[in-house]
Amino acid sequence: DDGEARLSGDGAEGRQVITLGDKEVDYDPNFRLYLNTKLANPKYSPSVNVCAVTLKGLEDQLLSVIMAFEKKELEEQREYLIQETSDNKKLLKNLGDSLLRELATSTGNMLDNTELVYTLEETKSKAIQSASQLLRDGYRPAAKRGAILFFVLTEMALVNSMYQYSLASYLEVFNFSLRKSLPEDMLAKRLKNIMNALTYNVYNYGCTGLFEKDKLLFSFNMTIKIEQPEGRVPQEELDFFIKGLSFSLLLCVGSNCPVFSPGLHCQVPTHSGPL
Numbered sequence: 001d002d003g004e005a006r007l008s009g010d011g012a013e014g015r016q017v018i019t020l021g022d023k024e025v026d027y028d029p030n031f032r033l034y035l036n037t038k039l040a041n042p043k044y045s046p047s048v049n050v051c052a053v054t055l056k057g058l059e060d061q062l063l064s065v066i067m068a069f070e071k072k073e074l075e076e077q078r079e080y081l082i083q084e085t086s087d088n089k090k091l092l093k094n095l096g097d098s099l100l101r102e103l104a105t106s107t108g109n110m111l112d113n114t115e116l117v118y119t120l121e122e123t124k125s126k127a128i129q130s131a132s133q134l135l136r137d138g139y140r141p142a143a144k145r146g147a148i149l150f151f152v153l154t155e156m157a158l159v160n161s162m163y164q165y166s167l168a169s170y171l172e173v174f175n176f177s178l179r180k181s182l183p184e185d186m187l188a189k190r191l192k193n194i195m196n197a198l199t200y201n202v203y204n205y206g207c208t209g210l211f212e213k214d215k216l217l218f219s220f221n222m223t224i225k226i227e228q229p230e231g232r233v234p235q236e237e238l239d240f241f242i243k244g245l246s247f248s249l250l251l252c253v254g255s256n257c258p259v260f261s262p263g264l265h266c267q268v269p270t271h272s273g274p275l
């Protein structure tokens, strides 16, 4: 049933109630209802709050883990500034106009103008936050790789329902990889070290719980998912590898070819040059 519960404010005698259809039910703000499902990709109405892990959400979470490991002080400063920004949304929204107005109308000693000084401090905080965000985005490729690898692990449940991997255990592997990856001053090399260590450790972690017959599929899926975002695995080529020639293409190979012929493969052009 897609019927929604609507909080209707105070009912009789100051009670908080929820309207369910045409009925009023007492409401407790501490009440929580959590629903769990075994479906890998269930469909919910927009009014339902879904707490499932998403690729983008996990990427942001792993990015915070990386920053806490690489630049702990900067990450703490960023979190503080985010909170400070949240507390001053209205001021920050009009920050540019306010600063220009104060500079244009300020007379005498600028340091005596407390509102101007406060506005300048807010501008400085925003600048620091922007610099922090730029540095965070520099580490995003490693976080993206981590998110991709987690979903590669979870997709193995489609092969065998016994293959289950929790996010908590995966975060342990992720943190272990950060500690074991070789340090490097250059960001590009550091990212490469993190991603190589992470990919290696996740592969070993995944293979530990897989049947031998499923390890090749795991390796293949991991490789494809890593290469696809880089544009190195065109979807058309992947479809051809998985599905083979389409029925319509087979019919177009030769106008006189029957739908099925033992010699049909001989009429399909093949690559004869050097590999």
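Quick note: the sequence shown uses this note's numbering, first residue 1, plus one each step.
Here a beta-carbon is modelled for each residue, glycine too, at the ideal position from N, C-alpha and C.
Secondary structure of Gln61 (DSSP, three-state): helix.
Put simply, the backbone Cα of Glu236 is about 28 angstroms away from that of Gly57.
In its chain, beyond the 5 residues on either side, Leu55, Leu58, Glu59, Leu62 have a beta carbon closer than 7 angstroms to the beta carbon of Ala147. Shown here for Tyr205: same chain residues with a beta carbon closer than 6 angstroms to its own, the five before and five after excluded, namely Val173 in chain order. Under the DSSP assignment, Asp26 falls outside any alpha helix (DSSP H), being part of the beta strand (DSSP E) whose first and last residues are 23-26. Annotation for Leu210: no beta strand (DSSP E) segment contains it, and DSSP assigns it neither H nor E. For Ile66, the number of other beta carbons within 10 angstroms of its own is at least 16, and it is reported as buried. Boundaries of the alpha helix (DSSP H) harbouring Leu167: 167-180, taken from the DSSP string. Ranked by how close their Cα comes to the Cα of Gly209, the residues Ala188, Lys180, Val159 have Val159 in first place.
In this structure, the CA atom of Leu217 is about 21 angstroms from the CA atom of Ala197. Counting along the chain, Leu238 sits inside the alpha helix (DSSP H) bounded by residues 235-243.
With distances taken between CA atoms, Ile224 lies nearest to Arg145 out of Arg145, Leu134, Leu20, Asn36.
For Thr154, the secondary structure class from DSSP, reduced to helix, strand or coil, is helix. Within a 10 Å sphere around the beta-carbon of Met195 sit 16 or more other beta-carbons, which makes this residue buried. DSSP, reduced to helix, strand and coil, places Thr199 within a helical segment of the structure shown. Here the alpha carbons of Ala52 and Ser177 stand approximately 25 angstroms from one another.
Under the 10 Å beta carbon count, Ala143 is surrounded by 16 or more other beta carbons and is classified as buried. By the neighbour-count definition (other C-beta atoms within 10 Å, threshold 16), Met186 is an exposed residue. Phe220 counts as exposed, since fewer than 16 other C-beta atoms from the protein chains shown sit within 10 angstroms of its C-beta. Between Leu153 and Tyr139, the gap from beta carbon to beta carbon reaches 8 angstroms or more.
Counting only the Cα atoms, Met162 lies some 39 angstroms from Asp28. Taking 8 angstroms as the cut-off, the beta carbon of Pro141 is found closer than this to the beta carbon of Leu191.
Around the CB of Phe150, 16 or more other CB atoms lie within 10 Å, so the residue is classed as buried. A buried status is given to Val202, since no fewer than 16 other beta-carbon atoms sit within 10 Å of its beta-carbon.
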